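>
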Amino acid sequence: MAEILVLVDHVDGEVKKVTFELLTLARAYGDAAAVWVGPGYEGAKDKLAEYGASKVYVAADEELTSYVVAPKVELLAQLVADGSPAAVFVAATGEGKEIAGRLAVRIESGVLTDVVGLAEGFVGEHSIFGGAIVTHAKVSKGTPIIAVRPNSVAPEASPSTPEEEQVSVTLSDAAKGARVVEKVVQEKGERPELTEAAIVVSGGRGVGGADNFKLIEELADSLGAAVGASRAATDAGWYPHTFQVGQTGKTVSPQLYIAVGISGAIQHRAGMQTSKTIVAINKDSEAPIFELVDFGVVGDLFQVAPQLTEEINKRR
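Its first residue numbered 134, the sequence shown is counted upward by one per residue in this note's numbering.
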């Protein structure tokens, strides 16, 4: 089978879940070849093997992570030129999409971003216009570069014994144009990261204030979920902007999305419409959010959310 390059998304050796999703997807269409950039590989190699990497290209030179995205682009371009893979998969994160765009220009190929599904021939499925329309697209020239939205694929383990190949790349002067001078590690809470969470509970304008977001957090914690917020809630200062879900915030696609006190404006829907199951709690039965939910509760969130939290806790 043809080789598919999968760029490993990791932070200091800790592999992000989206990488396992990409490996699972790649195995369906070829041999999944992981591309590791930077230090930390020894502590992560077992996880890559667990999810079916048939080969791992290891570029462990710390210099490659001392600059912004250009070194990863030059490494991938070199691997494409040397090995002629069937496709290149990256995560559709901020960095991943920049890498995909730059790589497409470098190797004169086409790129598909924010892909939520894939069919034979690398035909990508996209959810656009706030999820109102589903389109399909295919790269017509060169090696397809596909940026897949996190949580679009269920990761499935498939243990393997991957071949390892040490690789290196001589960076151009242009690739060294922007150096990383400092890294600040954000403290991780007990909740999962928003874009990778299997369950997300989000609060909106109906929550009524910053103090009331405790209801959202308690419901999320009962489910082991991440907490999100609508733009109205973050603009009002009720919750940090880093947790905003929507067109101008983060895009999520969890197995379960619970919208509490969110009307469902198109801006918010664009960031969560591809969730597998959507539940809404809103006292306004005419709220637009009810147009796309799988389950809707018309009621006062200040009564419904605590009761739901209590019932979930009883069953844990």
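All residues carry an ideal CB built from backbone N, CA and C; glycine is no exception. Since the structure is predicted, the reported quantities are computational estimates derived from the model, not experimental observations.
(1) Does L425 come out as helix, strand or coil in the three-state DSSP assignment?
(2) Please report the distance separating the alpha-carbon of Y200 from that of K316.
(3) Any contact between the stretch 185 to 200 and the stretch 323 to 339? By contact I mean 3 or more CB pairs, one from each, below 8 Å.
(4) Going by beta carbon distance, what residues of the same chain come within less than 7 Å of S260, once the five residues before and after it are set aside?
(5) Could you compute how far the alpha carbon of S305 sits from the alpha carbon of I332?
(6) Could you check where the beta strand (DSSP E) with S285 kicks off and where it finishes?
(7) For N415, which of helix, strand or coil comes out of DSSP?
(8) Skipping 5 residues on each side, what residues in its chain have a beta carbon closer than 8 Å to that of P172?
(9) Which residue wins for smallest C-alpha separation from A398, given the options E419, A237, L236, E296?
(10) Assuming V272 contacts G243 under a Cβ cut-off of 8 Å, what Cβ separation, rounded to an integer in Å, is found between them?
(11) In whole angstroms, what separates the C-alpha of A314 from that of G227?
(12) Report the three-state DSSP secondary structure of Y174 (helix, strand or coil).
(13) Span of the alpha helix (DSSP H) holding F262?
(14) Measuring CB atoms only, is the stretch 276 to 293 touching the stretch 178 to 192, in the sense that at least three cross pairs come out at less than 8 Å?
(15) So, are the CB atoms of V168 and L236 less than 8 Å apart?
(16) Kindly indicate which three-state DSSP category I395 falls into: helix, strand or coil?
(17) So, with DSSP's three-state summary, where would you put V302?
(18) Does DSSP put Q406 in a helix, in a strand, or in coil?
(19) For N446, count neighbouring C-beta atoms within 10 Å of its own C-beta (all shown protein chains included) and say buried if the count is 16 or more, exposed if not.
(20) In angstroms, rounded to a whole number, what distance separates the CA positions of R239 and T381?
(21) What does a CB cutoff of less than 6 Å around H374 pick up in its chain, not counting 5 residues either side in sequence?
(22) Taking DSSP's pairing of strands, which residues face R312 in a bridge?
(23) Please state if the CB of V393 and the CB of V385 are separated by a distance shorter than 8 Å.
(24) Between T276 and I414, what straight-line distance do the alpha-carbon atoms span, to the nearest angstrom?
(25) State the start and end residues of the unbroken beta strand (DSSP E) segment that holds D368.
(26) If you run the structure through DSSP and keep just helix, strand and coil, what is K383?
Once the coordinates are examined:
(1) In this structure, L425 counts as coil in the three-state DSSP scheme.
(2) Across the structure, Y200 and K316 are spaced so that their CA atoms are roughly 12 Å apart.
(3) Verdict: no, contact absent.
(4) V249, V267, Q406, T407
(5) Approximately 42 Å between the Cα atoms of the pair.
(6) First-last for S285: undefined, no H or E at that position.
(7) DSSP places N415 in strand when its eight states are reduced to three.
(8) Short of 8 Å from the beta carbon of P172, and not among the five residues preceding or following it, lie these beta carbons of its own chain, in chain order: D145, G146, A193, E195, T198.
(9) E419
(10) 3 Å
(11) Per the sequence shown, the amino acid found at residue 314 is Val instead of Ala. Cα-Cα distance, rounded: 19 Å.
(12) helix
(13) Here F262 belongs to no alpha helix (DSSP H), and DSSP marks it neither H nor E.
(14) yes
(15) no
(16) coil
(17) coil
(18) coil
(19) exposed
(20) R239 and T381 have their C-alpha atoms spaced approximately 28 Å apart.
(21) T367
(22) Y200
(23) no
(24) Going from the Cα of T276 to the Cα of I414 covers about 45 Å.
(25) Element bounds for D368: not the beta strand (DSSP E) but the alpha helix (DSSP H), 364 to 368.
(26) strand
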